[in-house]
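J.: Numbering (our numbering), first residue to last: 3 to 238. Using N, Cα and C, we set each Cβ at its ideal position, and we do this for glycine too. Can you read through this structure? Questions will come right after.
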Ligand code: UDP
């Protein structure tokens, strides 16, 4: 697989074209940003952790019946993926109150929820990724009704699979963000990444935060935590 010119560079990844128009190479960086890019830093080897962890989880999800964009891992930091048109939606699942949910609705972090929450943000940096509902999505033609229904079904499935997976490894899946894309045939695929950047994971014994909140909130032991999460995901 030949790597060709860079298509774009995001906050955490670079994306390259290849000699196959249907395949892209993603390259994970150590750059970390938070609060819509206002806080910037580096987390040593984050790119390696996020690449390998995402690929392990995508493999498990594929087996559970959720199609993903992953083709194969190329190296510690790089993976070959199917080219998709990303739906401009952050799909967020919440099992426990935390983060913006706690802030917006005035409920303590760690508080139980009477049901699992699925919410969407409109991926738009200029607008600060505003919360958006199903009607807004359809009114703005960001997806079709069929795609939206499929996204919801897959998102809850991802939650069930990952909750059980992490629990066996001593981690509570508090909430997470996923993204979906459409391939050239219009098939919906789970895309982007699933990592400590995009999940809240709390240690089941100590309740310690084992995710990007350590960077966002200056809690220390950031690199060590990312490494520890990867070891647990690998089952080591
Ligand atoms: N999240 C993400 N990217 C974003 C916003 C949120 O990966 O741009 C993840 C975040 O890590 C958490 C979940 O989505 O696991 C819910 O985040 P929340 O809405 O609480 O926002 P935050 O408090 O992280 O700003």
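#1: I want to check one thing, is the minimum distance from the CB of residue 236 to the heavy atoms of the ligand UDP below 7 Å?
#2: State the Cα-Cα distance for the pair residue 234 and residue 218, rounded to the nearest angstrom.
#3: On the three-state DSSP scale, how would you describe residue 173?
#4: So residue 58 and residue 225 are in contact, right, with Cβ under 8 Å, and what is the actual spacing, rounded?
#5: If I measure Cβ to Cβ from residue 61 and keep anything under 8 Å in the same chain, skipping five residues before and after, which residues do I get?
#6: Within this structure, are the beta carbons of residue 29 and residue 18 separated by less than 8 Å?
#7: Span of the beta strand (DSSP E) holding residue 113?
#8: Out of 16, 21 and 12, point me to the one whose CA is closest to residue 3's CA.
#9: Taking buried to mean at least 16 other C-beta atoms within 10 Å of its own C-beta, is residue 198 buried or exposed?
#10: Would you tell me roughly how many angstroms separate the C-alpha atoms of residue 93 and residue 158, rounded to the nearest one?
#11: Give me the residue from 70, 34 and 16 with the minimum Cα distance to residue 216.
#12: Taking the C-alpha atoms as reference points, what is the distance between residue 84 and residue 162?
#13: Just to confirm my understanding: we take residue 174, look at its own chain, exclude 5 residues before and 5 after, and list those with CB closer than 6 Å. What are they?
#14: Less than 8 Å between the beta carbons of residue 116 and residue 177, yes or no?
#15: Do residue 91 and residue 56 have their C-beta atoms within less than 8 Å of each other?
#16: Just curious, the alpha helix (DSSP H) that residue 137 is in, first and last residue?
#17: What first and last residue would you give for the beta strand (DSSP E) that runs through residue 214?
#18: Pick from 211, 80 and 156: whose alpha carbon is nearest that of residue 54?
T.: If we stick to the structure as given:
#1: no
#2: 22 Å
#3: strand
#4: 19 Å between Cβ atoms; not a contact.
#5: 72
#6: yes
#7: Where residue 113 is concerned, there is no enclosing beta strand (DSSP E), given that its DSSP letter is neither H nor E.
#8: 21
#9: buried
#10: 10 Å
#11: 34
#12: 25 Å
#13: 204 and 206
#14: no
#15: no
#16: 136-141
#17: Where residue 214 is concerned, there is no enclosing beta strand (DSSP E), given that its DSSP letter is neither H nor E.
#18: 80
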